[in-house]
Amino acid sequence: MSIAGVCLEKPGTKVALTGNEAIARGALEAGVAYAASYPGSPTAEVLGTLSRLAGNFKLYAEWSVNEKVAMEGAAAASFAGLRSLVVMKADGLNVALDFAGALAISGCRGGMVIVLGDDPNAHSSVREEDSRNLCKAIHLPVLEPSSVQEALEMTREAFSLSEDLKLPVVVRCVTRVCHASGDVELGELNRPLPVPDFTRDNRVITFGIQLHALQEQKLARAAEWACHSGFNSYTGPENPERLVIACGPCYMHALEALDMLAATGVGVLKLGVTWPLPHQLLLKYLRNASEVVFAEEVEPFVEDNVTSLAAMQIPRGIKFYGKRSGHVAGPAGPGIGELDPDILASSLAGIFGVKYETPGVSGRAEALELLGEKMPDRELAFCAGCPHRASFWAVRAALELDGRGGIVLGDIGCYTLGMARTGYNLLQTVHCMGAGIGLAGGMANLSRFGFDRPIVTLVGDSTFYHAAIPALINARYHNSSFLCVVLDNETTAMTGHQPHPGRSVTAMGEPARTVRMEELLQGVGLPYVVQDPYDVEATIDVVCNMLGQEGPRVLILRRTCVLAAVRGKQKARVYVDQEKCIGDSCGCGRFCSRVFACPANVWDAAGGKARIDEAVCNGCGVCASLCPQGAIVVERAVL
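Quick note on UniProt numbering: the sequence shown kicks off at 1 and runs consecutively.
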């Protein structure tokens with residue numbers, strides 16, 4: 001992270017920042033005092049940056065137990081008159097929606113900004129989601145940056161808008177903005193912080209129908225502000241007959257696509273404020289247009305709202321083209337996956353009736369065909385030495401030994417890969433954080449209808465603190481019979497090893513009052529066992545034993561994430577003794593390279609034997625304990 005660039009104090013200086021760093025810088029320039037988040041890509045680095053600068057700027061930063069708690073903490077700071085920031089991905093707004101809806105009615109005091117990271121194409125998420133639909137439903141204004149520079153400027157401006165409206169303001173960024181890099185011109189740092197104050201005279205409530213009326217008035221003011229905001233802009237002829245309405249990075253795609261087509265006479269209206277719509281600004285250009293094309297990520301949010309506006313305000317017919325009409329679409333269809341300049345150019349060519357040939361290679365299939373053996377297959381897999389691989393192996397083996405057709409319910413995290421070969425295709429459900437335990441409780445309660453399969457649910461340690469406790473309490477209360485396996489790698493590994501309540505430090509590096517999951521389980525009254533998954537045989541025995549028990553029970557499989565464990569240490573050397581390896585004759589059927597699915601275990605087709613890729617191997621040595629020939633050797637084991 002470019003910490004030096006983020007905290008460089010000279011206004012007017014240009015520095016290279018990522019979109020997430022630019023958001024952090026914008027918050028600092030606005031004088032943010034309180035920042036909270038639960039880690040989730042694509043926005044995890046915003047709080048990560050602010051937490052490392054907390055001492056420099058006397059701000060408070062925390063990795064909260066979940067997004068709802070993070071939003072509540074940030075709102076408390078706002079109620080006391082401080083500027084606050086809460087950061088999350090789209091899934092996080094789902095978690096925080098209960099409080100967010102109430103907060104949108106009660107309003108806030110100090111400027112409060114909600115940074116939402118949507119992930120078109122689901123690069124690091126289990127699904128695509130367009131959070132603008134939820135923001136509209138709960139009546140929150142939405143700003144959408146199209147560049148790294150705008151990410152800074154919109155974040156900074158959103159605090160002032162929030163204070164003017166007395167309403168939280170959303171800055172919605174997509175992955176291509178969060179993770180992009182660009183030159184950013186820095187503004188003044190606003191360091192003086194007000195003294196927080198919240199007295200008996202302060203009341204921030206959601207009670208009373210009149211608050212809904214006030215909420216609508218705030219949105220009307222936001223729409224008026226949007227009409228004059230510099231974040232909305234227009235490029236092109238004064239009275240265009242053809243108009244492209246674009247937002248976010250799709251604005252850049254639209255400009256590039258029109259250039260690729262050498263299209264002239266087409267206007268491009270960039271919406272930096274996508275809710276509430278700047279009605280008067282839109283009507284100014286819609287009145288002269290005969291064809292309008294929409295470019296946005298992911299769903300036809302702007303398209304639906306603009307076409308509704310036109311239907312009410314413009315009597316003559318306009319031809320609208322977008323995802324809803326099916327004219328703007330990628331290979332998987334409209335509203336699915338990301339747009340890019342090539343996809344948009346192809347869509348515009350079809351709409352405008354001009355000839356366009358995709359430059360170079362078009363389509364994934366053609367690209368792979370041309371690359372051939374130059375691009376070896378690479379499936380999604382656990383890191384070499386990941387303790388989750390050993391945990392999944394043990395659960396799989398125990399279920400086979402149990403023989404009753406046990407089911408395995410999953411959750412969100414690194415271990416979601418348990419749906420794939422790297423986790424032996426064990427997971428049968430994946431929905432949202434903590435859902436696996438609630439599903440397990442529900443299935444366990446079907447025993448009265450004759451459902452008698454053993455039920456196993458897997459959850460990570462960070463997710464355990466985030467969303468597991470209520471479902472476990474419910475299971476204890478109703479005596480739901482299932483085995484909950486906590487895959488405890490002692491960090492929030494998937495998003496960058498952020499600390500959680502089970503760790504001994506906070507986001508700012510200060511000592512923490514660690515909350516041990518064993519103590520929580522004791523408080524709930526649930527029996528538990530702690531086991532090292534690297535001891536695979538013993539783990540299989542423990543799982544087998546616990547599968548035969550009744551009632552809710554918990555198995556904690558604890559081993560530090562291998563990437564954290566080997567950091568700064570000498571890794572163990574693991575190699576295959578070629579004299580002992582019997583290759584294709586092995587009864588395990590190439591176990592080490594094919595079945596165990598560790599990326600460090602490689603099958604040498606030419607030599608007909610296994611080998612270890614020492615550049616990939618992290619030295620856990622689990623494969624050595626499972627090799628039936630004893631051909632895998634571990635030296636200098638340090639984990």
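Even glycine gets a Cβ: it sits at the ideal position worked out from N, Cα and C.
_Applying the 10 Å Cβ sphere with the 16-neighbour rule, what's the burial state of G621?_
buried
*Quick one, which of I343, C173, S131 has its alpha-carbon nearest A44's?*
C173
*Go to G326, then tell me how far its alpha helix (DSSP H) extends in each direction, as first and last residue.*
No alpha helix (DSSP H) contains G326, which DSSP labels as neither H nor E.
*Any idea what DSSP makes of S625, helix, strand or coil?*
helix
_Buried versus exposed, by CB contacts within 10 Å (16 or more), T155_ = buried
*Note down the Cα distance separating L17 from F392, rounded to an integer number of angstroms.*
39 Å
_Residue of G322, R611, A610, V298 minimising C-alpha distance to E291_ = G322
*Quick one: what does DSSP say P168 is sitting in, helix, strand or coil?*
coil
*asked:* So, at 6 Å on beta carbons, what are the nonlocal neighbours of A24 in its own chain, with the 5 sequence-adjacent residues on each side left out?
replied: V6, V46, T49, L50
_Measuring alpha carbon to alpha carbon, tell me which residue in Q549, D411, S181, N20 is nearest P527._
Q549
_Using CA atoms only, rank isn't needed, just tell me which of G583, I351, A624, P599 is closest to G607._
G583
*asked:* Run through the DSSP bridge pairs and tell me what L409 is partnered with.
replied: T457
_Cβ-Cβ separation, R559 to P387 (assumed contact under 8 Å), whole Å_ = 4 Å
*Across which residues does DSSP place P527 in a beta bridge pair?*
Note: P527 sits in no beta bridge, so no partner.
*Is the region 260 to 277 touching the region 182 to 199, taking contact as three or more C-beta pairs under 8 Å?*
no
*F451 burial status per 10 Å Cβ neighbour count (16 or more: buried)*: exposed
*Helix, strand or coil at T235 [DSSP, three-state]*: strand
*Should I314 be labelled buried (16 or more other beta-carbon atoms within 10 Å of its own) or exposed?*
exposed
*Could you have a look at M1 and say whether DSSP puts it in helix, strand or coil?*
With a pLDDT of only 45 at M1, under 50, the local geometry of the prediction cannot be trusted, and no value is derived from it.
*asked:* Let's test the definition: count the other Cβ atoms within 10 Å of the Cβ of M312 and tell me whether it reaches 16, buried, or not, exposed.
replied: exposed
*Tell me whether the beta-carbon of V574 lies closer than 8 Å to the beta-carbon of L555.*
no
*asked:* Less than 8 Å between the beta carbons of L309 and H279, yes or no?
replied: yes
*Round the Cβ separation of C598 and M494 to the nearest angstrom and send it over; I've been treating them as touching at under 8 Å.*
The Cβ separation is near 18 Å, so there is no contact.
*Can you name, in chain order, every residue of its own chain whose Cβ lies under 7 Å from the Cβ of A295, other than the five neighbours on each side?*
V244, A246, C250, H253, A254, V328, L339, L344
*asked:* Would L211 and S106 qualify as a contact pair, given that the criterion is a beta-carbon distance under 8 Å?
replied: yes
*Where does K571 sit, in a helix, a strand or coil, going by DSSP?*
coil
*Near S160, which residues of its chain fall below 7 Å by C-beta distance, leaving aside the five closest residues on each side in sequence?*
G111
*For D183, which three-state DSSP category applies?*
strand
*What span of residues does the alpha helix (DSSP H) with F392 cover, start to end?*
387 to 402
_Starting from residue 650, trace the alpha helix (DSSP H) in both directions and tell me its first and last residue._
Missing from the structure shown is residue 650; the chain here goes from 1 to 639 and no further.
*asked:* Between Q149, A512, L143, which has its C-alpha nearest N20's C-alpha?
replied: Q149
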